[in-house]
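When we follow the working numbering, the leftmost residue of the sequence shown carries the number 12, and every step to the right adds one. Cβ coordinates follow ideal geometry from the N, Cα and C atoms, glycine included. To start, the structure under review is shown below, and the notes come after it.
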Amino acid sequence: MDSGLASPRSERSVLLNHDELEAGRRGALYYGLRTPGAQSPDPLKAVTQTRWAYAKYYLPFLDWVPNYSPSLLGGDILAGLTVASILIPQSISYASSLAKLSPLAGLFSAAIPGIVYALLGTSRQLNVAPEAALSLLIGQAVSLALHGDPHDTPRNSDAIGIAVTTVTTLQVGLFSFMLGFFRLGFIDVVLSRALLRGFVSAIAVVIMIEQLIPMFGLVEREHEVNPHTTVDKFIFIVQNFSSHENRPTTLVSFGSLLVLVSFRYLKGFFQRYWFIYRIPEVLIVVIVSTVLCDVLEWDKDGVAILGNVPIKTGAHFFDLPLRPANLPFLRSTTSTAILVAVVGFLDSIVAAKQNAARFGYSISPNRELVALGAANIASAFVPGTLPAFGSITRSRINADVGGRSQMASLVCSAVVLLATFFLLPSLYYLPKCVLAAIISLTVYSLLSEAPHDLIFFWKMRAWMELTLIFLTFVCTIVWNVEVGVVVSVVISLLVLVRKSSKMRMSILGRIPGTARWKPINEHPEASEDNPAVLVVRIRESLDFANTSQLIERLRRMELYGIYPSHPSDPPTRTQPNALVFHLSDVEKCDASAAQILLELLEMYKSRGVAVFFAHIRTAPKITFEKAGIVQLVGEESFYETVGKAMERIEMIEREVARL
């Protein structure tokens with residue numbers, strides 16, 4: 012009877028549809044809620060378990076935070092402190108010297124994205140913070156916006172820099188998030204190693220030339236001459252370093268660089284002693300140079316210092332990234348944002364995969380994109396923050412010192428925030444040229460693998476890869492980073508399309524005394540029984556890319572066989588009266604390929620050439636039926652084997668001979 016009131020059990024059933032119940036049953040089996048012979052689990056509990064498993068998959072902190080082992084805390088704290096000691100001076104350098112922004116931009120960018128990534132990322136050792144190459148791209152975008160403003164003043168220069176950086180970081184986050192959401196994490200296989208090597212090498216040279224200006228004390232002279240391109244800046248340095256340099260600045264900057272290089276070289280002999288090998292030489296140089304500048308009053312000799320850095324990012328600490336003041340720069344920074352997102356992701360995924368392989372866990376590129384995107388979106392709500400991505404070097408240090416979970420990133424971010432609010436005033440006398448020397452040290456890391464790759468490609472006679480490296484390098488140096496990468500990406504994609512359009516095909520011949528048909532270029536004993544019949548094996552699925560040149564490829568096979576020849580050479584084969592297509596390797600055929608194939612068969616029919624198919628699979632056969640290919644050639648043109656197709660051709664030839 013229906014009393015009009017639903018029972019608790021019926022109410023619960025209403026909440027669970029059939030799909031959820033089925034998912035719950037599968038989840039119950041998967042997570043061990045039911046064993047053979049045991050009582051069936053409660054469907055509601057099974058669905059809850061399944062949903063919780065999904066939640067932990069997409070929100071990793073729900074998994075590692077409750078299960079965090081206190082035994083890992085010591086290593087994570089040490090790793091966080093070590094990486095923070097490197098990251099604090101680096102982020103200040105990247106923001107002030109490369110991005111032309113306040114040091115706060117680098118410090119907040121080194122803290123906020125790391126917190127978000129630690130909660131959402133799948134890599135346990137990846138350190139997310141500003142990078143030299145990406146900061147340089149932001150600096151170029153800021154410079155372009157400033158030069159394009161005819162009413163530029165010192166006051167609105169800072170506002171323009173904050174606006175450009177904020178809106179770029181937001182777009183970087185959105186673009187990365189959408190790539191991950193739509194499962195496009197495979198983009199790391201599109202850009203070749205050669206393209207990345209040319210890009211990284213060019214970036215290293217650009218950074219080095221950029222930093223030589225403050226290292227020689229030529230900043231004020233640069234403002235007078237205003238060189239734009241990297242080539243212009245190099246010529247400017249050559250023309251002015253001997254006549255307009257500031258000698259104390261030059262001595263401090265190159266002395267600091269010498270100390271940094273010496274520290275790094277000497278530490279290589281103490282790798283067995285981690286407490287020596289992991290001494291933060293960058294932090295030591297920053298502290299010592301700051302103290303010496305204060306005591307010896309280098310600033311009175313013309314050495315530019317960091318000075319007072321007010322702890323503020325704008326009118327408010329948090330603000331909407333798409334406020335009206337930022338909207339004018341939205342379109343002009345889109346190309347930079349896309350470039351930063353792609354390049355940053357490539358560096359991040361390499362670092363994440365290296366540590367995942369080292370410690371035996373898996374990495375999802377799509378989830379990494381979502382986590383990196385969310386980290387940059389959150390960071391954009393603090394005006395003026397730089398885009399942040401993973402670093403191979405810092406992530407390796409994090410792992411070497413003892414970082415075994417995302418807790419190390421949280422510790423690192425906490426230390427950076429404490430330094431920002433409490434220790435930044437202590438760096439008042441930090442020489443800016445020392446920051447330039449710190450950035451120059453990263454040039455070595457960026458160029459360290461270039462000779463190895465160049466030698467390898469030269470040994471392999473990989474001329475296309477060497478050409479890509481050269482083009483990317485030259486275009487980046489002569490024009491700018493965006494032009495260099497765009498040109499190389501276009502060339503790389505064209506090469507990829509060209510290779511994918513080369514359908515793998517072979518001419519088959521019969522092994523004497525058997526019913527086996529093999530490629531005649533791989534099996535010398537295989538021979539063509541009937542020169543008037545061409546048996547072609549297609550070794551891959553048919554799609555619009557590889558089928559577009561099918562007509563031309565088949566025509567060359569008809570005239571010259573399998574051996575390469577020039578189109579002006581005379582034919583080496585007799586014109587075939589019949590073709591047999593061996594299609595056992597064709598798993599599928601898309602609509603565009605079917606249309607091209609239909610046009611090809613119509614051409615053969617008009618020429619009086621019979622066409623047969625052997626070893627065709629079910630899926631391509633269905634596509635052929637929909638496209639009208641089966642109706643065009645007839646059902647009698649399809650055979651199980653090449654041998655049966657040849658028997659049919661021989662029977663037709665005998666009937667024609669009798670007539």
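Cβ of I531 within 7 Å of Cβ of I549?
-> no
Going along the chain, which residues of its own chain have a beta-carbon closer than 6 Å to the beta-carbon of A673, five neighbours each way excluded?
-> Since the first residue of the chain shown is 12 and the last is 670, residue 673 is not available in this structure.
Going by beta carbon distance, what residues of the same chain come within less than 7 Å of A143, once the five residues before and after it are set aside?
-> Y105, L109, I218, I450, T453
Leaving aside the five residues before and after A638 along the sequence, list all residues of the same chain whose C-beta is less than 8 Å from its C-beta, in chain order.
-> A602, A605, Q606, L608, L609
List in chain order: all unbroken alpha helix (DSSP H) runs of 4+ residues lying wholly within the stretch 536-581.
-> 555-558, 561-571
Within the chosen definition, does the stretch 584-600 reach the stretch 624-633 through at least 3 CB pairs nearer than 8 Å?
-> yes
Under the DSSP definition of a beta bridge, which residues are partnered with Y650?
-> A625
Give the straight-line distance between the Cα atoms of D312 and G413, rounded to the nearest whole angstrom.
-> 44 Å
Under 7 Å Cβ to Cβ from L148, same chain only, skipping five residues before and after it: list those, please.
-> T347, L350, V351, V492
Buried or exposed: which applies to Y440, given that a residue is buried once 16 or more other Cβ atoms fall within 10 Å of its Cβ?
-> buried
Residues near E256 in its chain [Cβ-Cβ closer than 7 Å; skip 5 each side] | F227, G228, L229
Per DSSP, which one or two residues make a beta bridge with P81?
-> Paired residues: none, contrary to the question.
Let me know if R469 comes out buried or exposed under the rule of 16 or more other beta-carbons within 10 Å of its beta-carbon.
-> Sequence inspection shows Trp at residue 469; the Arg mentioned does not correspond to that position. Its Cβ having fewer than 16 others within 10 Å, W469 is exposed.
Who are the near neighbours of S499 in its chain, counting only those whose CB is closer than 8 Å to its CB and skipping five residues on each side?
-> L206, G209, F210, L479, L482, T483, C486
With DSSP collapsed to three states, give me the class of H593.
-> strand
If you drop the 5 nearest sequence neighbours on each side, which residues of the same chain put their C-beta closer than 7 Å to that of I388?
-> L181, G184, L185, F188
Could you tell me if I99 is buried or exposed, where buried requires 16 or more neighbouring beta carbons within 10 angstroms of its beta carbon?
-> buried
Spell out the partners DSSP gives K529 in its beta bridges.
-> G520
For the alpha helix (DSSP H) that contains Q460, what are its first and last residues?
-> The identity of residue 460 in the sequence shown is Glu, whereas the question assumes Gln. It is not in any alpha helix (DSSP H) - E460 carries neither H nor E in the DSSP assignment.
Could you check what DSSP says for G132 in three-state terms: helix, strand or coil?
-> coil
Would a check of beta-carbon distances place P291 closer than 7 Å to chain D?
-> Here chain D cannot be found, since the structure has a single protein chain.
Within 10 angstroms of its Cβ, does P535 collect 16 or more other Cβ (buried), or is it exposed?
-> exposed
From K111 to T179, what does the alpha carbon distance come to, in whole angstroms?
-> 15 Å
Would a C-beta distance cut-off of 7 Å place T177 and N366 closer than the cut-off?
-> no
Report the rounded CA-to-CA distance for D358 versus I660, giving the unit in angstroms.
-> 58 Å
Which partner residues of I316 appear in the DSSP bridge assignment?
-> P442
Taking the alpha carbon of L115 as the point to measure from, which residue in P81, P321, R342, A90 has its own alpha carbon closest?
-> P321
L73 versus S437: straight-line alpha-carbon distance, rounded | 39 Å
Can you say whether R521 is buried or exposed, counting buried as having 16 or more other CB atoms within 10 angstroms of its CB?
-> buried
Count the other C-beta atoms from every protein chain shown that fall within 10 angstroms of the C-beta of L277, then say buried if there are 16 or more, exposed otherwise.
-> exposed
Assuming S406 and Q136 form a contact by the criterion Cβ under 8 Å, report the distance between their Cβ atoms to the nearest whole angstrom.
-> 5 Å
For F400, which residues does DSSP report across the bridge?
-> A140
Whole-number beta carbon distance between R564 and M516, since they are thought to touch under 8 Å = 6 Å
Is L131 near A399, with beta carbons less than 7 Å apart?
-> no
Excluding the 5 residues preceding and the 5 following V153 in the sequence, name in chain order all residues of the same chain whose CB lies nearer than 8 Å to its CB.
-> A110, K111, L112, I171, G172, V175, T176
Could you name each continuous beta strand (DSSP E) segment of 3 residues or more that falls completely within the stretch 221-303, going from the start of the chain to the end?
-> none
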